[in-house]
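Okay, structure first, notes after.
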Ligand code: C2O
Ligand code: CU
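Residue numbers (my numbering): 37 to 469.
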């Protein structure tokens, strides 16, 4: 179960009501073990507390680091002041053991976001530090239910402990650390209850270190209404959308009036072997009245034509090298973090960047503080009708993205496979005022 701990009022009240997130060591009872698993968590919850705020308000989060090593909190996808972005060495100092840091988050966009550390991330996320951050629309949406599913993937040993070696050669040479225990909100194959006729908003968040999910719901109509926290321009069917680490989608699920007593499986179909993630069980009750409304769509898209005459500003070649702190490094233009090939742009002019994957591995590339559109794949037009903050660049694939620099600051840009990022695959885009 996720607990709701933060529904704060309007800006102004925040000083009295900061939300507290304390990272500490603890234990978690997985359903498949008799013993409890040592984990690191926020407020002793796996996943971390579900935070809900309202668009237009300011939320204050007091982070207390009670781990034995430095940490920080990054608010993935939230458009906030650069100084609050939570990247040690870039936007703030690491928060040392026993230290605190106050984050002030001005919630500019409604949508589905999440939070996680940005220090020793491959280990800290894997040990359990992550949670969902929802920014509610100004007007209440008439959904029958609002489900939040944080998808994760743990690598557990037979004795119930988390496999203690991180950034192994095996993880680094491949697509990062894939686990053996996929969970939804820390549960294994949970069952969610619905009533015939309901219209449910389902928010899917991929919080795994490296596993890519491609969810499929057998027998139910599910439309994507938002990607990476932002409404799409036109709703489209779920149809195995690729959800890589960092990505989120919001779905509009309609439970048919005649579905009483039925069970619908939600499966992952990214790998060749499909497996069940969760299921939706419909009560044998009388149908409820279906809410009739149209969820918001994005009106203020950067039009794709705006990029037509823009030259490619930067191509980041993604590849591995021998070297770096783990012996295998993941590079962007042959360079390893922090000696990366960085860029800086003034505000306002449209930019085009290519992520060119010269390796045979997967790289979900993420840019902080920037919403971009995918314009081309392998130099062929492939304009998406939505913006993203993370895009999967497949083996030998090149993805051209376009965006307009809008938020001043130094924004980290990296592969969201935590092990690749730790092995050097990070750089920055500095947007200058
Ligand atoms: Cu979830 Cu630097 O990102
Ligand atoms: Cu990668």
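Think of the CB as a built atom: it goes at the ideal place given N, C-alpha and C, for glycine as much as any other residue. On a predicted model such as this, the values are computed, not experimentally measured, just so you know.
Point to revise | Outcome for residue 246 when other beta-carbon atoms lying within 10 angstroms are tallied against a minimum of 16 | key: For this step, residue 246 is matched to residue 210 along the chain shown. Note on residue 246: 16 or more other CB atoms within 10 angstroms of its CB, so buried under the neighbour-count rule.
Check your understanding: Thinking just about the alpha-carbon of each residue, which of 424, 300, 365 and 304 is nearest to the one in residue 227?
Key -> Here residue 227 refers to the residue found at position 191 of the chain shown. Of 424, 300, 365 and 304, the smallest CA-CA separation from residue 227 is found for 300.
Exercise for review: Could you tell me whether the stretch 277-296 touches the stretch 432-450, where touching means 3 or more Cβ pairs closer than 8 Å?
Suggested key: No: the two stretches stay apart, fewer than three of their Cβ pairs being nearer than 8 Å.
Exercise for review: Indicate, with yes or no, if the ligand C2O has a heavy atom lying under 8 Å from the CB of residue 186.
Suggested key: As a working note, residue 186 is residue 150 in the chain shown. Because no heavy atom of the ligand C2O lies under 8 Å away, the Cβ of residue 186 does not count as near it: no.
Exercise for review: Take every Cβ of the stretch 232-247, pair it with every Cβ of the stretch 168-181, and state whether three or more of those distances are shorter than 8 Å.
Suggested key: Touching, yes, given that three or more Cβ pairs across the two stretches are closer than 8 Å.
Check your understanding: For residue 239, is the classification buried or exposed, using 16 other Cβ atoms within 10 angstroms of its Cβ as the cut-off for buried?
Key -> Sequence index remark: in the chain shown, residue 239 carries index 203 (1-based). The residue is buried, with at least 16 neighbouring Cβ atoms inside 10 Å.
Review point. DSSP three-state call for residue 201: helix, strand or coil?
Key: Reading the chain shown from its first residue, position 165 is the one you call residue 201. Coil, per DSSP.
Check your understanding: Is the Cβ-Cβ distance between residue 186 and residue 199 less than 9 Å?
Key -> Within the chain shown, numbered from 1, the residue matching residue 186 stands at position 150. Within the chain shown, numbered from 1, the residue matching residue 199 stands at position 163. No. Outside cutoff.
Review point. Beta carbon of residue 340: closer than 8 Å to some heavy atom of the ligand CU?
Key: On the chain shown, position 304 is the one that residue 340 refers to. Set against 8 Å, the gap from the CB of residue 340 to the closest heavy atom of the ligand CU is not smaller.
Exercise for review: Give every residue whose Cβ lies closer than 5 Å to any heavy atom of the ligand CU, listed in chain order.
Suggested key: Result (chain order): 399, 451, 453 and 456.
Exercise for review: May I ask you to check if the CB of residue 428 is nearer than 8 Å to at least one heavy atom of the ligand C2O?
Suggested key: Locating residue 428 in the chain shown gives position 392, where the first residue counts as 1. Because no heavy atom of the ligand C2O lies under 8 Å away, the Cβ of residue 428 does not count as near it: no.
**Study point:** Entirely enclosed beta strand (DSSP E) segments - the stretch 214-248, minimum 3 residues
**Key:** 217-220, 227-230 and 235-242, all fully within the stretch 214-248.
Point to revise | At least three beta-carbon pairs within less than 8 Å, the stretch 114-131 to the stretch 142-153 | key: Between the stretch 114-131 and the stretch 142-153, the count of C-beta pairs closer than 8 Å reaches three or more; the two stretches touch.
Exercise for review: Could you please give the first and the last residue of the uninterrupted alpha helix (DSSP H) stretch that includes residue 457?
Suggested key: Locating residue 457 in the chain shown gives position 421, where the first residue counts as 1. Counting along the chain, the alpha helix (DSSP H) containing residue 457 begins and ends at 454-458.
Review point. How about residue 338 and residue 382: are their beta carbons less than 9 Å apart?
Key: Residue numbering aside, residue 338 sits at position 302 when the chain shown is read from its first letter. Residue numbering aside, residue 382 sits at position 346 when the chain shown is read from its first letter. Taking a C-beta distance under 9 Å as the contact criterion, residue 338 and residue 382 do not qualify as a contact pair.
Review point. Name the DSSP beta bridge partners of residue 270, please?
Key: The count along the chain shown starts at 1 and reaches residue 270 at position 234. Partner(s): none; residue 270 has no beta bridge.
Point to revise | Heavy atom of the ligand C2O within 8 Å of residue 84 beta-carbon | key: The count along the chain shown starts at 1 and reaches residue 84 at position 48. No.
Exercise for review: Run the proximity test for residue 402: is its beta-carbon closer than 8 Å to any non-hydrogen atom belonging to the ligand C2O?
Suggested key: Counting from one through the chain shown, the residue named residue 402 turns up at place 366. Yes, since a heavy atom of the ligand C2O falls inside the 8 Å radius drawn around the Cβ of residue 402.
Exercise for review: Grab me the residues of residue 216's own chain with a C-beta within less than 7 Å of its C-beta, minus the 5 sequence neighbours each way, in chain order.
Suggested key: As a position in the chain shown, residue 216 is number 180, starting the count at 1. 191 and 192, listed in sequence order.
Exercise for review: Name the one or two DSSP bridge partners that residue 434 has.
Suggested key: Start at 1 with the first residue of the chain shown, and residue 434 comes out as number 398. Residue 434 is bridged to 392.
Check your understanding: Should the stretch 241-256 be called in touch with the stretch 443-462, which here means at least 3 C-beta pairs below 8 Å?
Key -> In short, these stretches touch, since the Cβ pair count reaches three.
Practice item. Can you give me the Cβ contacts of residue 359 inside the same chain, cut-off strictly under 8 Å, excluding the 5 residues immediately before and after it? Key: Taking the chain shown and counting its residues from 1, one reaches residue 359 at position 323. Once the five neighbours on either side are set aside, the close Cβ partners of residue 359 are 365 and 372.
**Study point:** Minimum length 3: unbroken beta strand (DSSP E) runs contained in the stretch 402-430
**Key:** The qualifying runs are 409-413 and 426-429.
Exercise for review: Specify, as a first and last residue, the run of the beta strand (DSSP E) that residue 161 falls within.
Suggested key: Here the question's residue 161 lines up with position 125 in the chain shown. Residue 161 -> not in any beta strand (DSSP E); alpha helix (DSSP H) instead, spanning 157-162.
**Study point:** Length at least 3, wholly inside the stretch 335-365: the beta strand (DSSP E) runs in chain order
**Key:** Qualifying beta strand (DSSP E) stretches, in chain order: 348-358.
Exercise for review: Output the boundary residues of the beta strand (DSSP E) element that contains residue 469.
Suggested key: In the chain shown, the residue the question calls residue 469 occupies position 433. That residue, residue 469, is in no beta strand (DSSP E); it is neither H nor E in DSSP.
Review point. Hey, out of 320, 108, 90 and 374, whose CA is closest to residue 175's CA?
Key: For the purposes of this step, residue 175 is taken as the residue at position 139 of the chain shown. When 320, 108, 90 and 374 are compared, the shortest CA-CA separation from residue 175 is found for 90.
Review point. What three-state label does DSSP hand residue 286 in the structure shown?
Key: Within the chain shown, numbered from 1, the residue matching residue 286 stands at position 250. Residue state, collapsed to three classes: strand.
**Study point:** Secondary structure of residue 114, DSSP reduced to three states
**Key:** The residue labelled residue 114 in the question sits at position 78 within the chain shown. Residue 114 falls in the coil class under three-state DSSP.
Review point. If you pair each beta-carbon of the stretch 132-140 with each one of the stretch 157-172, do three or more pairs fall below 8 Å?
Key: Result no; under three Cβ-Cβ pairs closer than 8 Å.
Point to revise | Per-residue DSSP class, three states only, for residue 208 | key: In the chain shown, counting from the first residue as 1, residue 208 sits at position 172. In this structure, DSSP gives residue 208 a helical state, which the three-state scheme calls helix.
Review point. Do residue 179 and the ligand C2O come close, with the Cβ less than 8 Å from some heavy atom?
Key: As a first step, residue 179 must be located in the chain shown, where it is residue number 143. Checking every heavy atom of the ligand C2O against the Cβ of residue 179, none is found closer than 8 Å.
Check your understanding: Under 8 Å from any heavy atom of the ligand C2O, does the C-beta of residue 57 make it?
Key -> Counting from one through the chain shown, the residue named residue 57 turns up at place 21. It does not: the Cβ of residue 57 is nowhere closer than 8 Å to a heavy atom of the ligand C2O.
Review point. Would you report the Cα separation of residue 252 and residue 469, rounded to the nearest angstrom?
Key: Taking the chain shown and counting its residues from 1, the one referred to as residue 252 is at position 216. Taking the chain shown and counting its residues from 1, the one referred to as residue 469 is at position 433. Each residue's CA atom was taken as its position, placing residue 252 and residue 469 some 43 Å apart.
Practice item. Out of 343, 367 and 241, point me to the one whose CA is closest to residue 397's CA. Key: Numbered from its first residue, the chain shown carries residue 397 at position 361. The option with the nearest alpha carbon to residue 397 is 367.
Review point. When the Cα atoms are used, what is the spatial distance from residue 158 to residue 208?
Key: In the chain shown, the residue the question calls residue 158 occupies position 122. In the chain shown, the residue the question calls residue 208 occupies position 172. Going by the C-alpha atoms only, they are around 11 Å apart.
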